[in-house]
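*Asks:* Be aware that the sequence shown starts at 1, since it is given in full-length UniProt numbering, and climbs by one per residue.
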Amino acid sequence: MKLYEYEGKRLFENYGIPIAKGWLWQQLSEEARYPLMAKSQVLTGGRGKAGAIVEVTDRSKVVLIAQDLLKKTIRGHKVSHVYLEEKIDYDRELYLSIILDRNKKRPVLLASGKGGIDIEAVSRQDILTIPIHPLMGLQAYMKRKVSYFLQVEFRKIDEIIDHMWQLFSDEQAELIEINPLFVQSNGEMVAGDAKVIIDGHTKPSANIDYLPRQKGSFEEKCSDIGAVGVELDGNIAVITSGAGLGMATFDLVCSKRGTVRALVDLGGHVIHDVNAAEELIKEVRRLSPKGILFNFYFQVASCKVTATAIANILGGDSLPVVVRLRGIDQEESENLLSVFPNIETTHDLEKACERINFKLEGPGIAHHR
Numbered sequence: 001m002k003l004y005e006y007e008g009k010r011l012f013e014n015y016g017i018p019i020a021k022g023w024l025w026q027q028l029s030e031e032a033r034y035p036l037m038a039k040s041q042v043l044t045g046g047r048g049k050a051g052a053i054v055e056v057t058d059r060s061k062v063v064l065i066a067q068d069l070l071k072k073t074i075r076g077h078k079v080s081h082v083y084l085e086e087k088i089d090y091d092r093e094l095y096l097s098i099i100l101d102r103n104k105k106r107p108v109l110l111a112s113g114k115g116g117i118d119i120e121a122v123s124r125q126d127i128l129t130i131p132i133h134p135l136m137g138l139q140a141y142m143k144r145k146v147s148y149f150l151q152v153e154f155r156k157i158d159e160i161i162d163h164m165w166q167l168f169s170d171e172q173a174e175l176i177e178i179n180p181l182f183v184q185s186n187g188e189m190v191a192g193d194a195k196v197i198i199d200g201h202t203k204p205s206a207n208i209d210y211l212p213r214q215k216g217s218f219e220e221k222c223s224d225i226g227a228v229g230v231e232l233d234g235n236i237a238v239i240t241s242g243a244g245l246g247m248a249t250f251d252l253v254c255s256k257r258g259t260v261r262a263l264v265d266l267g268g269h270v271i272h273d274v275n276a277a278e279e280l281i282k283e284v285r286r287l288s289p290k291g292i293l294f295n296f297y298f299q300v301a302s303c304k305v306t307a308t309a310i311a312n313i314l315g316g317d318s319l320p321v322v323v324r325l326r327g328i329d330q331e332e333s334e335n336l337l338s339v340f341p342n343i344e345t346t347h348d349l350e351k352a353c354e355r356i357n358f359k360l361e362g363p364g365i366a367h368h369r
C-alpha cells in the first residue's frame, strides 16, 4: 500500500522523524508561518515537473492555489487532496531510505549526498548501500558509516535512522524514503518528502487518518480483473506469474539500472483467460511505460494464453517488449511471438532484464529516459 505524502508525514511525526508543520488545506492553522508549500497529493511522482508543488506567500492565496491544484491530473492520477507545510530554509539536500530487497531477503539502508532528485539518476559511487541482516537488525556502525559518508553530525543522523528503522519494522514496510532530507544552517535535519510503502494486508500500528483512495486506480482495475498491480514511477512495466517471481524480477531490473513503471502479478484467473489477460495488458499500456518485460513460468496453465494476449495487444506495436517464458506450450508460444519485430523472447531472466534496458537506451529511445 503506497501512502500519500501527508500520510507518510503523519507516520514520520508519530515515530519522531522531524518534519515541517503541515496541514491539509481545509484544516490550515491560523498559526501557520508563511511562506508555505502547497503540495498536490497523488500516488505517483513527477509533481514538481507538473507544476503541482507551489509556494504560497500569504493566507489570501491559499484557496485559489488549492483549487487550481485540485484541477490537475498527474500521470493519470487526479489530484484530490492538497497538503500545506511551512517552507524550510536549508543548506543541503540529502537522500536517505530503507528498502526491502526481496531478492536478497533483507532490508537495505541507502544514503546519498545528492538528494532532491530521483535516486535512479544518481551515480553508484554517490550512493552508500548497507545491507541489514534481518536477525541482527540495524547496527551502530552502519549509522556511523552514513554519518561519515554524508559528512553530517552523527547525533542528528543517528536518531533519524533509528526512527526510520523502527517505523520500517513496526509497519512491515517495503520502503521508507526521505528525499530530500533537508540540512539547515544549524545542522538540524527535516524530512522534505515522505515516500512510504507498507504491507496493505496488515493493520497499521500507528493511529493516523488515511485519505480516501481514488476510485478507478490502476491497483483497483488490476484487482477487478483478478491480478495484483502496483503503479510506480519508472519506465519499465514488469508483468510476472507470481509475487515472488515479480520481486526477483523487479530487483534484477533495478540492478541493471532500469526503473519500474508498474509491477503486476498475473494471478490465478488471468493466466487461464485470454480476455482477462488482454484487459490487464491494456491497463498496463495505459500507464505509458517505455517498455514491458514479461516473466512467466507455467507448470499448470498454458503459456499460449498469455502469449496470445501479448500478441493481440502488443504485437506490431512500437513499444519494446521482452518476454521470458518457461513451461507448458513454451515452444509454440515463442513461435507465436517471434513474428513481431517489437517482441523479443528469451529463456534467461538476466538476459531479459538486460535486453529491455538495452532497448530503452538504444538509438531513438534514449531520450525517453
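Backbone N, C-alpha and C define an ideal beta-carbon position, used for all residues, glycine too. Fair warning: this is a prediction, and the values are worked out from it, not measured in the lab.
Apart from the five residues just before and just after residue 261, which ones in its own chain have a Cβ nearer than 7 Å to its Cβ?
*Replies:* In the sequence shown, counting from the first residue as 1, residue 261 sits at position 261. Taken in chain order, the residues that qualify are 232, 234, 235, 236, 237, 287 and 289.
*Asks:* Where do the N-terminal and C-terminal ends of the alpha helix (DSSP H) with residue 276 fall, by residue?
*Replies:* Along the sequence shown, one-based indexing puts residue 276 at 276. From DSSP, the alpha helix (DSSP H) with residue 276 extends over 274-285.
*Asks:* Under three-state DSSP, which class holds residue 356?
*Replies:* As a working mapping, residue 356 is identified with position 356 in the sequence shown. Note: residue 356 maps to helix in three-state DSSP.
*Asks:* How far does the alpha helix (DSSP H) with residue 245 in it reach, from first residue to last?
*Replies:* Numbered from its first residue, the sequence shown carries residue 245 at position 245. Its alpha helix (DSSP H) spans residues 243-255.
*Asks:* Looking at the secondary structure, which residues open and close the alpha helix (DSSP H) in which residue 165 lies?
*Replies:* Numbered from its first residue, the sequence shown carries residue 165 at position 165. That run of the alpha helix (DSSP H) goes 154-170.
*Asks:* Please determine if the region 105-112 and the region 28-44 are in contact, where contact requires at least 3 C-beta pairs separated by less than 8 Å.
*Replies:* No, the region 105-112 is not in contact with the region 28-44.
*Asks:* Do residue 293 and residue 356 have their C-beta atoms closer together than 8 Å?
*Replies:* Indexing the sequence shown from 1 puts residue 293 at position 293. Indexing the sequence shown from 1 puts residue 356 at position 356. Yes, these two residues count as a Cβ contact at 8 Å.
*Asks:* Rounded to a whole number of angstroms, what is the C-alpha to C-alpha distance between residue 178 and residue 307?
*Replies:* As a working mapping, residue 178 is identified with position 178 in the sequence shown. As a working mapping, residue 307 is identified with position 307 in the sequence shown. Using only the alpha carbons, I get a separation of about 40 Å.
*Asks:* Grouping DSSP H, G and I as helix and E and B as strand, with all else coil, what is residue 295?
*Replies:* On the sequence shown, residue 295 is found 295 positions in, with the first residue counted as 1. The answer is strand: DSSP assigns residue 295 an E or B state.
*Asks:* Consult DSSP for residue 208 and reduce its assignment to one of helix, strand or coil.
*Replies:* Translated into the one-based positions of the sequence shown, residue 208 becomes position 208. DSSP places residue 208 in coil when its eight states are reduced to three.
*Asks:* DSSP three-state label for residue 174, please.
*Replies:* Reading the sequence shown from its first residue, position 174 is the one you call residue 174. The answer is strand: DSSP assigns residue 174 an E or B state.
*Asks:* Roughly how many whole angstroms lie between the Cα atoms of residue 230 and residue 310?
*Replies:* Here the question's residue 230 lines up with position 230 in the sequence shown. Here the question's residue 310 lines up with position 310 in the sequence shown. Their backbone Cα atoms lie some 20 Å apart in a straight line.
*Asks:* Within 10 angstroms of the Cβ of residue 148, are there 16 or more other Cβ atoms? Answer buried if so, exposed if not.
*Replies:* Here residue 148 refers to the residue found at position 148 when the sequence shown is read from its first residue. The residue in question, residue 148, is exposed, as its Cβ has fewer than 16 Cβ neighbours within 10 Å.
*Asks:* Are there 16 or more other CB atoms within 10 angstroms of the CB of residue 136, so buried, or fewer, so exposed?
*Replies:* Within the sequence shown, numbered from 1, the residue matching residue 136 stands at position 136. It is exposed - the Cβ of residue 136 has fewer than 16 other Cβ atoms within 10 Å.
*Asks:* Can you list the beta strand (DSSP E) stretches of 3 or more residues lying completely in the region 311-358, in chain order?
*Replies:* The region 311-358 contains these whole beta strand (DSSP E) runs: 321-327 and 343-346.
*Asks:* Round the Cβ separation of residue 353 and residue 253 to the nearest angstrom and send it over; I've been treating them as touching at under 8 Å.
*Replies:* As a first step, residue 353 must be located in the sequence shown, where it is residue number 353. As a first step, residue 253 must be located in the sequence shown, where it is residue number 253. With 8 Å as the limit, residue 353 and residue 253 qualify as a contact, their Cβ atoms being about 5 Å apart.
*Asks:* Ignoring anything shorter than 4 residues or poking outside the region 8-32, list the alpha helix (DSSP H) runs there in chain order.
*Replies:* With a minimum length of 4 residues, no continuous alpha helix (DSSP H) run stays inside the region 8-32.
*Asks:* Using a Cβ cut-off of 8 Å (strictly closer), state whether residue 310 contacts chain B.
*Replies:* As a matter of chain content, chain B is missing from the structure shown, which is built from one protein chain.
*Asks:* Roughly how many whole angstroms lie between the Cα atoms of residue 17 and residue 73?
*Replies:* Numbered from its first residue, the sequence shown carries residue 17 at position 17. Numbered from its first residue, the sequence shown carries residue 73 at position 73. If I take the Cα positions, the gap works out to 30 Å.
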